[in-house]
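Engineer: If you count the sequence shown from 1, position 191 lands on 190 in numbering that gives the first Met the number 0, and the numbers rise without skipping.
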Amino acid sequence: MPTHGRQPLRNKRHSGPCAVAGCQGVARWLPRSPYCLKHRQRQYRVGHPTMYVPTVTDLKKYRAPVQRALSRHFDSPTMRWALRALERDLLNYRATNGYGYEVWTEARMQALKASEVKPLVLLQRLCECYALYREEGHRLFPTPKTWFAWLARRILTTPRRCIVPTTSGATQLKACGQVIEDVLGRFARATLMRMDKDEAERLEFRKSCEALASTR
Ligand SMILES: [Zn+2]
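(1) Would the C-beta of Lys37 count as close to ligand 1, meaning under 7 Å from any of its heavy atoms?
(2) Exposed or buried, what is Ala212 when buried is set at 16 or more other beta-carbons lying within 10 Å of its beta-carbon?
(3) Is Tyr92 near ligand 1, going by C-beta to nearest heavy atom under 7 Å?
(4) On the three-state DSSP scale, how would you describe Ser114?
(5) Is there contact between the region 97 to 115 and the region 154 to 167, where contact requires at least three CB pairs shorter than 8 Å?
(6) Just the Cα atoms here: how many angstroms apart are Phe140 and Pro48?
(7) Look at the alpha carbon of Gln220 and the alpha carbon of Thr165, and state the distance between them as a whole number of angstroms.
(8) Would DSSP call Thr166 helix, strand or coil?
(9) On the premise that Leu90 lies in contact with Lys60, defined as a C-beta separation below 8 Å, what is that separation, rounded to the nearest angstrom?
(10) Given a cut-off of 8 Å on the beta-carbon distance, is the pair Gly176 and Ala148 in contact?
(11) Could you check where the alpha helix (DSSP H) with Asp57 kicks off and where it finishes?
(12) Return the chain-ordered list of same chain residues with a C-beta closer than 6 Å to the C-beta of Pro118, the five sequence neighbours on each side being excluded.
(13) Beta carbon of Val45, beta carbon of Thr145: below 8 Å?
(14) Between the region 95 to 104 and the region 118 to 137, do three or more beta carbon pairs fall short of 8 Å?
(15) Let me check you understand the geometry: is the CB of Tyr43 closer than 7 Å to at least one non-hydrogen atom of ligand 1?
(16) Under 8 Å, do Glu127 and Val65 count as touching if we go by C-beta distance?
(17) Would you list the residues sitting across from Pro16 in a DSSP beta bridge?
(18) Kindly indicate which three-state DSSP category Cys35 falls into: helix, strand or coil?
(19) Helix, strand or coil, according to DSSP, for Ser49 in the structure here?
(20) Helix, strand or coil for Thr157, going by three-state DSSP, please let me know.
Now the structure itself:
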């Protein structure tokens, strides 16, 4: 038996059970992975074999408060800054070093720009994602990679078509998500703080109104 040279591509002797507890699937030796086909695919696409992937429905409850905050502060310098940053640094993102993930991100951003999604819609969606992350991120996303990949996929959604190629994986998406975080993460977190403040003021105002009414 030769000890060197090309080995058979599918060596059934080395196949084992899938590493996900309770899964009956078989993890094949090649391409090497601790998971069965289904869980490997999921690991590749979202960055984790079994995580629950939040959907648009999970974002729904943040829609109204975010909308309120954005429209209330539409004329603020922060909003103007965010719209500029979105246009300049995200939609017109350029690969500076030519790394694969940069080129990938640039192509996706061009597609997003061409789809003519309104900037305000993107900011709205961005803040909704960050709101979800703040509330339930520690529970929903097992690793930072899964969060960034999910964020990128949500931002790269247009009403008419999906602009993330089906062959794309979590690694590319994560790099894109990190660019989004670099450009607009601070804005999103500031907006959430603004929302809290507005809400606190609203409650305070209502309380003083009630106090006033009771003294009469
Ligand atoms: Zn499995």
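Beta carbons are placed, not taken as given, at the ideal position from N, Cα and C, and that holds for glycine.
This structure is a prediction, so every number in the text was calculated from the model and none was measured.
Structural biologist: With the given structure in hand:
(1) Within the cutoff, so yes.
(2) Exposed, because fewer than 16 other Cβ atoms sit within 10 Å of the Cβ of Ala212.
(3) No, Cβ of Tyr92 sits at least 7 Å from all heavy atoms of ligand 1.
(4) Ser114: coil per DSSP, three-state reduction.
(5) At 8 Å Cβ cutoff, the stretches touch.
(6) Going by the C-alpha atoms only, they are around 12 Å apart.
(7) It is not possible to answer for residue 220, since the shown part of the chain is limited to 0 through 215.
(8) Looking at Thr166 - three-state DSSP - the assignment turns out to be coil, as it is neither helix nor strand.
(9) That belief does not hold up - the Cβ atoms of Lys60 and Leu90 are roughly 28 Å apart, past 8 Å.
(10) Yes. Within cutoff.
(11) Counting along the chain, the alpha helix (DSSP H) containing Asp57 begins and ends at Val55 to Arg71.
(12) Contacts found: Leu82 and Leu85.
(13) Yes. Within cutoff.
(14) With the cut-off at 8 Å, the region 95 to 104 and the region 118 to 137 do not touch.
(15) Answer for Tyr43: no, Cβ out of range of ligand 1.
(16) Result yes, Cβ atoms of Glu127 and Val65 sit closer than 8 Å.
(17) Looking at the DSSP assignment, Pro16 forms a beta bridge with Val25.
(18) DSSP places Cys35 in coil when its eight states are reduced to three.
(19) As written in the sequence, residue 49 is Thr, which differs from the Ser given in the question. Coil.
(20) Correct three-state label for Thr157: coil.
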